[in-house]
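Student: Chains as they are written, first to last, in my numbering: chain A, 750 to 1531; chain B, 5 to 270.
Cβ atoms here follow ideal geometry from the backbone N, Cα and C, with glycine treated the same way.
Because the structure is a prediction, the values reported are computed rather than measured.
Just passing along the structure, written as structure tokens.
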Amino acid sequence: MGMEGIGARVARKEDKRFITGKGKYTDDMVVPGMKQAHFVRSPHAHAKIVSIDTSAAEKMPGVIGILNGAQLSEDAIGNIICGWMIHSKDGSPMNMGVWRPLAQDTVRYVGDAIAIVVADTKAQARDAAEAVVIEYETLPVVTSAVDALKDGAPQLHANAPGNLIYDWEIGDAAATDAAIAAAAHVTEMKIINNRLVPNPMEPRAALGVYDEGEDHYTLWTTSQNPHVARLVLSAFYNVAPENKLRVIAPDVGGGFGSKIYIYPEEIVCLWASKRTGVPVKWNCDRTEAFLTDAHGRDHVSTVKMAFDANNRITGFKVDTIANLGAYMSLFSSSVPTYLYATLLSGQYNIPAIHANVRTVYTNTVPVDAYRGAGRPEATYLLERTMETAARELGVTPAELRRTNFIREFPHQTPVIMCYDAGDYEASLSAAMKASDYDGFPARKAEAKSRGKLRGIGMSCYIEACGIAPSAAVGSLGAGVGLWESAEVRVNAVGTVEVLTGSHSHGQGHETTFAQLVAGRFGVGIDSVSIVHGDTDKVQMGMGTYGSRSGAVGMSAVVKALDKVEAKAKKIAAHLMEADESDIVIENGELKVAGTDKSVPWFQMALAAYTAHNLPEGMEPGLKEGAFYDPSNFTFPAGCYICEVEVDPDTGKTEIVQFVAADDFGKIINPMIVEGQVHGGLAQGIGQALLEGAHYDPDSGQLLTASYMDYTMPRADDLPSFQVSTTETVCPSNPLGIKGCGEAGAIGSPPALINAITDAIGNNDLTMPATSQRVWAALASAR
Amino acid sequence: MYATNYHRASSVEDAVKLASSNDEAKYLSGGQTLLPTMKQRLAAPSDLVDLRHVSEMKGISVNGGKIRIGAATTHAEVANSAEIARACPALAHLAAHIGDPHVRHMGTIGGSIANNDPAADYPAGLLALGATIVTNTRSIAADDFFTGMFETALEDGELIVAVEITAPAKCGYAKFPNPASRYALTGVFVARQGDGSVRVAVTGAGSDGVFRQADMEQALASNFSAGALDGVTVDDSDLMADIHASSAYRANLVKVMAKRAVAAAG
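Written as structure tokens, this is what we have:
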């Protein structure tokens, strides 16, 4: 490992521009003639659109055009699609309701876009939007998925009777039922996974530019995957052909999944640019973000876990109802199925698992992947159930987990996944040691002397990153392949550009991807530039989500680096009249092993481009590309232990200690990994303690539509985290890495709720565990 | 935000004149509620008359037991005032816990009480301290000033110039913040005067804004200790209920915060 190579704690190259306000985001983009857009949105959660009258609005100052769904249909712009086909257990395909980018006949959630107003200024566009007169005929509303399945519930889509999207299952129902019937003990729980609003720091934005002279389109957008956006915009939405469309996702201020999807606004801005003849800029205000960004989670589940007389798990049965909102967002169908139920074996040997999942339409904003996407929901079920079972069985939480840990790899679970490597005992032991688990009773007694209720809880999570391989996900219904591409260009002076199909929106790729090159060729990371986020520069890629950039994106870079290295060695061998197998690269030089002969890296690169003296038949230049399709998911795992103190008078919970021991495989940059864990923990703790989207059940209005009512975690809500790592090398990719982006958000909620329920002696507690809920749970336990 | 005309008033007289010259004018005194409301287009004053630079409305003076705080004095100035910290420490503590640093450096005491948000901190402080609100035309006792949720005794165009307080013998403020907004989910200010009388004012909890808790005042007048409140039962029938807290939870918080306020008062 060099000073800047793999494993080095290098400061992030990109931070200088972010911290000093020099980042360039979509809303910073200005093009000549650019105009401003504002969307007319439904104030109703469910209504027929009787009429739309734009005549007064069109006469308002500065107005260039007002477009609605009728014009969208004239131009044959396609429906917004869900890109992962799920079949119900009866074999029928999922019931995908029609989602028009601008609602034409019916609106189905508060914030549903109806028209776009383009004007000289934002204020003018907003003024004119207020002057658009829409007559509605309101319809009954349902916001809860459980209620939406009931007889007589308001119906959202004609092709989805009973609001049911699909009724899907995985695993062996008969074997699981038999295990439960024969069990020595069964733990049963009803568990709610609360709905969350992603809240990236940068709200969504789009700038659509149609160039009539070239008949060419450019879209700047806040996307985690600009190539997927281009593919969908051309192949499904009929906005522009792929060769005439450039999508650029410049600096993006966080996504957490919410910027994977292609939203109505991007489609409409791009289309409206051609229709109005001006570049169209839209940026979302924070209220719009609350109302229209895809939300996360929102599951209601019942579980039964069966144990034999030796406390070994014999079966796990899960029934889940998942709220997908008013329409099916891009990957919404996969989240509560293949990203969720396939993780229900956790870190444990479970011979029989069965999960049934019903997904449901409601009059709420669409729900899709949010940091962890299905895996937090699975982990929450498992780890709440394990802790509860330990209490019921009278064994320690650690003992019950140890009794059931998977200890041999590879391990085939009953729910598709084949775990390639792990050491769950190692992370459990590390976390227990770091938390001084054995000293807890003394700390609890000391807290009691101060009038505080102290509790401890743990969570042993597993996640699956780098969803793959493409053929496998294709067979499960995915509409895309999940490989990644890379191109490494060595310039004539030896500096390096790496083009990647991954997209960085906070992850630090400009640093970590450069570390791969630095470590390999001995050039400083400042001599390595990472190019991403522009479909005109990078040919194709699948973007960044699901902690895939390391395991998949970096693996593609490694493949390209292998090719560059091979050619570089050939050139160097030729220049030094040595055998290429004797060439080693060290400290920025290509050396003949065992001699003092060497060629500096830059000189080799120059030779490649002058082409004065290359091996016979070799093409000039030094540039290589690669596509990488993984052979398997990667399986990060770890153990989190949380300790809380509850104030019995107010129910307020203070997290007094939080320990994380994660196995991410090989680590490229420990500082960035720690940052990812910190951020993930903050979001997981946010979910468990503070956050929750709340719709009024009668009106369908989002009551938590601002920071006045939606509690984002703040620094003073969080403890100083104690994070550490253990390591088993991932055998499924060349770097041995697993991924770290989501672990914190996956593993932390059950650890925290297990700790609070331990403190208060009442296991009946729903997230977010607000002070009021904890106080009420304490009161009912008294 | 709709377009609006900004005026910087130079004196109280100037401010009143500017405001009276337009029916849709509003005073701006920090704008920590008004400006966000305008940004959401929920308020649309034609004219804003900024009071924060009117020198006669700024500053803190303490003479003997008489405290005077100019209406345009920021929360940060009150929080950081050594004189307030000596004369009425709970008021400095209250000001130091309003919103966040941005709010405290922009928001003013006059702006806060004129708005009379049912979850704002200052109304509890001024009501418990028996403050006098001095306007450009008269003086109003705090008991008469806070008339309901977002409502005060101020007439159209009437302008708060200062707040006058007699330093109490003891005072304490305890607040349980709303986890999202950090306004008071419930806040209780307790003040004991030199003559032994006690006033207890509650914010964040009442369905009609700030109110006094008479039974607590009586219990504390005879025994100024947290334990004196053990026997008091808080009726939740007039308390707010929303997604953050039920009325029963707020009733519990009124008692818990009152005890903590008394304990803080020493």
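1. Taking A/Asn948 as the reference, which of A/Ala1526, A/Ala894, A/Ala1196 and A/Gly1435 has the closest Cα?
2. Which chain B residues are close to A/Tyr1459, counting only those with a beta carbon under 9 Å from its beta carbon?
3. Quick one: what's got a C-beta closer than 7 Å to A/Ala880's C-beta in the same chain, skipping five residues either side?
4. Is the CB-CB distance between A/Pro910 and A/Pro889 below 7 Å?
5. Give the straight-line distance between the Cα atoms of A/Ala1196 and A/Glu1392, rounded to the nearest whole angstrom.
6. Could you check whether the Cβ of B/Val167 sits closer than 7 Å to any Cβ belonging to chain A?
7. Beta strand (DSSP E) containing A/Cys1018: first to last residue?
8. Indicate whether at least one CB of chain B lies closer than 7 Å to the CB of A/His1443.
9. Between the beta-carbon of A/Thr1063 and the beta-carbon of A/Ala928, is there less than 7 Å?
10. Among A/Thr1069, A/Phe1065 and A/Ala1194, whose alpha-carbon lies nearest the alpha-carbon of A/Leu1131?
11. Considering only residues of the same chain and omitting the five flanking positions on each side of B/Thr8, which have a CB-CB separation below 8 Å?
12. Going by CA-CA distance only, name the one from A/Thr1051, A/Gly957 and A/Asp921 that's closest to A/Ser1022.
13. Beta-carbon of A/Leu1439 versus every beta-carbon of chain B: anything under 7 Å?
14. Are the region 1099-1119 of chain A and the region 1409-1423 of chain A touching by the rule of at least three beta carbon pairs closer than 8 Å?
15. Under 6 Å Cβ to Cβ from A/Met750, same chain only, skipping five residues before and after it: list those, please.
16. With B/Ala263 as the anchor, note down where its alpha helix (DSSP H) starts and where it stops.
17. Mind reading off the beta-carbon distance from A/Pro1349 to A/Glu1338? Whole number of angstroms is fine, and I expect it under 8 Å.
18. Which residues of the region 1389-1414 of chain A have a Cβ closer than 7 Å to any Cβ of chain B? Give them in chain order.
19. When you compare the CB of B/Phe149 with every CB in chain A, is at least one pair closer than 7 Å?
20. Which chain B residues sit within Cβ distance under 8 Å of A/Trp1524?
21. Can you name the residues of chain A whose CB is closer than 9 Å to the CB of B/Ser1?
22. For A/Gln1256, which residues from the same chain have a beta carbon less than 8 Å from its beta carbon, with the 5 sequence-adjacent residues on both sides left out?
23. With DSSP collapsed to three states, give me the class of A/Met750.
24. Would you list, in chain order, the members of the region 230-249 of chain B that have their beta-carbon closer than 9 Å to a beta-carbon of chain A?
25. For A/Trp1524, does the three-state DSSP call read helix, strand or coil?
26. Within 7 Å of any Cβ in chain B, is that where the Cβ of A/Met750 sits?
27. Taking only beta-carbon atoms, is B/Phe180 less than 7 Å away from chain A?
28. At what residues does the alpha helix (DSSP H) containing A/Glu1148 begin and finish?
29. Can you tell me the Cα-Cα spacing of A/Ala1360 and A/Ala1327, whole angstroms?
30. Quick test of your reading: A/Leu1231 and A/Ala1217, contact by CB under 8 Å. State the CB separation rounded to the nearest angstrom.
31. So A/Gln1521 contacts chain B; which residues on that side make the cut at Cβ distance below 8 Å?
32. Where does the unbroken alpha helix (DSSP H) through A/Tyr1129 begin, and where does it stop?
33. Between B/Val192 and chain A, is there a C-beta pair that is closer than 7 Å?
34. Answer yes or no: do A/Tyr915 and A/Met843 have a C-beta to C-beta separation smaller than 7 Å?
35. Might you give, ordered along the chain, the residues of its own chain that have their beta carbon closer than 6 Å to the beta carbon of A/Glu1014, omitting 5 neighbours on each side?
36. Any idea what DSSP makes of A/Trp1031, helix, strand or coil?
Tutor: The relevant details are as follows:
1. As a working note, residue 948 of chain A is residue 199 in the first sequence. Of the listed residues, the one whose Cα sits closest to A/Asn948 is A/Gly1435.
2. Taking the first sequence and counting its residues from 1, one reaches residue 1459 of chain A at position 710. Those within 9 Å of A/Tyr1459 in chain B are Ala184.
3. Against the first sequence, residue 880 of chain A aligns to sequence position 131. Around A/Ala880: Ala805, Ala806 and Met809.
4. Numbered from 1 along the first sequence, position 161 holds the residue referred to as residue 910 of chain A. Numbered from 1 along the first sequence, position 140 holds the residue referred to as residue 889 of chain A. No, they are not a contact pair.
5. Here the question's residue 1196 of chain A lines up with position 447 in the first sequence. Here the question's residue 1392 of chain A lines up with position 643 in the first sequence. Answer to the nearest angstrom: the Cα atoms are 12 Å apart.
6. Locating residue 167 of chain B in the second sequence gives position 163, where the first residue counts as 1. Judged by the 7 Å Cβ criterion, B/Val167 is not in contact with chain A.
7. Taking the first residue of the first sequence as 1, we reach residue 1018 of chain A at position 269. Counting along the chain, A/Cys1018 falls outside any beta strand (DSSP E), though it belongs to the alpha helix (DSSP H) covering Pro1013 to Thr1025.
8. By 1-based counting over the first sequence, the position of residue 1443 of chain A is 694. Cβ-Cβ to chain B under 7 Å: yes for A/His1443.
9. For this step, residue 1063 of chain A is matched to residue 314 along the first sequence. For this step, residue 928 of chain A is matched to residue 179 along the first sequence. Yes, the pair counts as a contact, with Cβ atoms nearer than the cut-off.
10. As a working note, residue 1131 of chain A is residue 382 in the first sequence. When only C-alpha atoms are compared, the closest one is A/Phe1065.
11. Position 4 of the second sequence holds residue 8 of chain B. Cβ within range, chain order: Met42, Ala48, Pro49, Ser50, Asp51 and Leu52.
12. Mapped onto the first sequence, residue 1022 of chain A falls at position 273. Comparing Cα-Cα distances from A/Ser1022 to each of A/Thr1051, A/Gly957 and A/Asp921, the minimum goes to A/Gly957.
13. Translated into the one-based positions of the first sequence, residue 1439 of chain A becomes position 690. At least one chain B Cβ lies under 7 Å of A/Leu1439.
14. no
15. Locating residue 750 of chain A in the first sequence gives position 1, counting from the first residue. With a pLDDT of only 42 at A/Met750, under the threshold of 50, the placement of this residue in the model should not be trusted, and no figure is reported.
16. By 1-based counting over the second sequence, the position of residue 263 of chain B is 259. Note that residue 263 of chain B corresponds to Lys in the displayed sequence, not to Ala. That run of the alpha helix (DSSP H) goes Ser251 to Ala269.
17. Your numbering for residue 1349 of chain A matches position 600 in the first sequence. Your numbering for residue 1338 of chain A matches position 589 in the first sequence. That pair is a contact at about 5 Å.
18. Asp1398 and Thr1399
19. Counting from 1 along the second sequence, the entry for residue 149 of chain B is found at position 145. Chain A, which has no Cβ nearer than 7 Å to the Cβ of B/Phe149, makes this no.
20. Indexing the first sequence from 1 puts residue 1524 of chain A at position 775. Within 8 Å Cβ-Cβ: Tyr253 and Asn256.
21. There is no way to answer for residue 1 of chain B, as the model of chain B reaches only from 5 to 270.
22. Here the question's residue 1256 of chain A lines up with position 507 in the first sequence. So the list reads Thr1293, Ser1298, Ile1421, Gln1425 and Gly1490, once near-sequence residues are dropped.
23. Sequence index remark: in the first sequence, residue 750 of chain A carries index 1 (1-based). With a pLDDT of only 42 at A/Met750, under 50, the local geometry of the prediction cannot be trusted, and the value read off the model is given with reservation. Correct three-state label for A/Met750: coil.
24. Asp246, Ile247, His248 and Ala249
25. To locate residue 1524 of chain A, count along the first sequence from 1; it is residue 775. DSSP places A/Trp1524 in helix when its eight states are reduced to three.
26. Here residue 750 of chain A is taken as the residue at index 1 of the first sequence, counted from 1. Summary for A/Met750: the model assigns pLDDT 42, below 50, so the residue's position carries little reliability, and this model does not support an answer.
27. Against the second sequence, residue 180 of chain B aligns to sequence position 176. Cβ-Cβ to chain A under 7 Å: yes for B/Phe180.
28. Taking the first sequence and counting its residues from 1, one reaches residue 1148 of chain A at position 399. Looking at the DSSP string, the run of the alpha helix (DSSP H) that includes A/Glu1148 is Pro1146 to Asn1153.
29. If you number the first sequence from 1, residue 1360 of chain A lands on position 611. If you number the first sequence from 1, residue 1327 of chain A lands on position 578. Spanning the two alpha carbons is a distance of roughly 18 Å.
30. Sequence index remark: in the first sequence, residue 1231 of chain A carries index 482 (1-based). Sequence index remark: in the first sequence, residue 1217 of chain A carries index 468 (1-based). Confirmed, Cβ separation roughly 5 Å.
31. Counted from its first residue, the first sequence places residue 1521 of chain A at position 772. Simply His248, Ala249, Ser250 and Tyr253.
32. Along the first sequence, read from residue 1 onward, the residue named residue 1129 of chain A stands at position 380. Its alpha helix (DSSP H) spans residues Arg1124 to Leu1142.
33. Looking up residue 192 of chain B in the second sequence gives position 188. Output row for B/Val192: interface = no.
34. On the first sequence, residue 915 of chain A is found 166 positions in, with the first residue counted as 1. On the first sequence, residue 843 of chain A is found 94 positions in, with the first residue counted as 1. Their beta carbons are under 7 Å apart, which means A/Tyr915 touches A/Met843 by this criterion.
35. Within the first sequence, numbered from 1, the residue matching residue 1014 of chain A stands at position 265. Closer than 6 Å at Cβ, skipping near neighbours: Ala955 and Trp1031.
36. For the purposes of this step, residue 1031 of chain A is identified with residue 282 of the first sequence, where counting begins at 1. Residue state, collapsed to three classes: strand.
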